[in-house]
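Below is one structure, written out as structure tokens; the observations come after it.
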Amino acid sequence: MSSLSGGTSLAGGYSRLCKGLAVFLVAGHLLVQILPVSLSYLALIPARTIPFAWNLITAGYIEQTIYGVVISTVGLLLMGKMLEPVWSSREFLKFIFIVNFLTSLWVFVTAIILYYGTTKESYLYMPLSGFHGVLAGFLVGVKQIFSDQELPFLKLKAKWLPSILLLLAGISSFFTAEPATYLPTLCFGTYMGWIYLRYWQKKPEIKFKGDPGDDFSFSSFFPEFLRPVIDPIATIFGRLLCGKHEIQPESDDHDMSSNPLPGSDPIEASRRRERGARALEERLAAERLAAVRTSQEPRKDANENV
């Protein structure tokens with residue numbers, strides 16, 4: 522099985538979609554640098570979201586700092602290289618759009634609650650933007666597909682990446698002046714990414730949506746000793762957001778009594794990881810073949826000249 526080291530290489534092999542989205546992020550950053558007034562229309566400013574509701578969509582693609590745009594573009598390219606071959610380009614783009622919009626929506630709601638709870642107007646007029654919410658959602662996808670694979674140079678499994686990100690963000694919030702600019706976005710990006718993959722993502726090979734496996738439950742983001750406490754709370758929120766049943770069939774005529782829920786056993790989880798590893802191996806093989814051909818072309822030209 523392929524490791525994450527191949528999928529996180531900077532050597533290239535990125536799809537047109539990922540490269541196009543990276544250019545879009547860079548263009549958004551340049552726009553707000555050249556025309557600073559555009560930030561007030563494109564970023565999420567809770568006091569202006571009504572009537573400027575489009576900023577719930579545009580805010581996620583606007584990076585205000587050079588550090589932000591570098592991290593976002595690199596993260597997009599690397600994780601897109603791992604996830605897009607498994608999900609398909611259409612599903613990858615759909616994930617970005619839905620997670621970005623829902624994250625912005627909940628960040629807006631959080632800002633309003635913070636304002637009424639503290640009466641600080643800064644929560645209403647603080648320009649919030651950045652792709653880091655979608656990046657947090659991507660890490661949930663990495664957890665789902667490459668769960669048991671270890672990270673290069675670290676004795677750490679990929680399934681803990683979202684949890685570590687949120688832990689580090691929570692700790693750093695005690696030492697930063699405005700944690701509201703990034704912490705709610707990371708939290709809701711992670712949660713909305715999980716909601717989408719857990720309940721809504723369509724899988725062509727089966728008639729059900731989502732991933733009901735125990736290894737992808739909400740409590741799997743936490744250490745085992747906390748899971749008995751987390752599971753009842755997660756069940757309540759799951760029913761509020763996604764209905765009574767965790768997994769809904771795409772067609773009403775599907776006989777649930779005669780077929781077990783796909784993904785609810787280790788076999789389906791193993792198949793999911795194998796698909797991810799196979800996609801990475803095919804991508805790496807194509808890159809090696811292209812490199813060999815590139816190295817042989819100068820020799821061929823030299824022989825023809827002789």
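Everything in the sequence shown is counted per our numbering, starting at 522 for the first residue and increasing by one. Beta carbons: idealized from backbone N, C-alpha and C, even for Gly.
Who are the Cβ neighbours of residue i in its own chain at under 6 angstroms, not counting the five residues just before and after it?
| i | result |
| --- | --- |
| residue 656 | 596 |
| residue 552 | 559 |
| residue 690 | 704, 707 |
Taking 7 angstroms as the limit between beta carbons, can you name the residues of its chain near residue i, skipping five residues before and five after?
| i | result |
| --- | --- |
| residue 570 | 576, 577, 629 |
| residue 627 | 709 |
| residue 590 | 546, 547, 550, 584 |
| residue 619 | 717 |
| residue 633 | 567 |
| residue 579 | 563 |
| residue 694 | 700, 704 |
| residue 573 | 562 |
| residue 542 | 597 |
Could you check whether residue j and residue i sit closer than 8 angstroms to each other, using their CB atoms as the reference points?
| i | j | result |
| --- | --- | --- |
| residue 653 | residue 703 | yes |
| residue 624 | residue 710 | yes |
| residue 663 | residue 682 | yes |
| residue 567 | residue 644 | yes |
| residue 752 | residue 741 | no |
| residue 670 | residue 676 | no |
| residue 502 | residue 539 | Absent from the structure is residue 502, since the part of the chain shown begins at 522 and ends at 827. |
| residue 706 | residue 651 | yes |
Considering Cα atoms alone, identify which of the options is closest to residue i.
| i | options | result |
| --- | --- | --- |
| residue 561 | 649, 760, 721 | 649 |
| residue 588 | 552, 680, 742, 547 | 547 |
| residue 621 | 719, 723, 712 | 712 |
| residue 606 | 634, 574, 632, 535 | 535 |
| residue 660 | 692, 714, 651 | 714 |
| residue 680 | 744, 634, 701 | 744 |
| residue 719 | 758, 603, 698 | 758 |
| residue 608 | 701, 694, 666 | 666 |
| residue 565 | 647, 631, 537 | 647 |
| residue 593 | 572, 544, 574 | 544 |
| residue 700 | 572, 573, 574, 631 | 631 |
| residue 616 | 756, 760, 721, 738 | 721 |
If you reduce the DSSP assignment to three classes, tell me which class residue i lands in.
| i | result |
| --- | --- |
| residue 659 | helix |
| residue 677 | coil |
| residue 642 | coil |
| residue 746 | helix |
| residue 724 | coil |
| residue 565 | strand |
| residue 671 | strand |
| residue 616 | helix |
| residue 598 | helix |
| residue 626 | helix |
| residue 536 | coil |
| residue 739 | helix |
| residue 652 | coil |
| residue 729 | strand |
| residue 696 | coil |
| residue 511 | This structure gives no information on residue 511, because the portion of the chain shown stretches from 522 to 827. |
| residue 712 | helix |
| residue 545 | helix |
| residue 559 | helix |
| residue 573 | coil |
| residue 605 | helix |
| residue 703 | coil |
| residue 757 | helix |
| residue 631 | helix |
Less than 8 angstroms between C-beta atoms, sequence neighbours within five positions excluded: which residues of the same chain meet that for residue i?
| i | result |
| --- | --- |
| residue 641 | 635 |
| residue 754 | none |
| residue 747 | 740 |
Looking at C-beta atoms only, is the number of pairs between the region 555 to 573 and the region 599 to 618 that lie closer than 8 angstroms three or more?
In short, these stretches do not touch, since the Cβ pair count stays below three.
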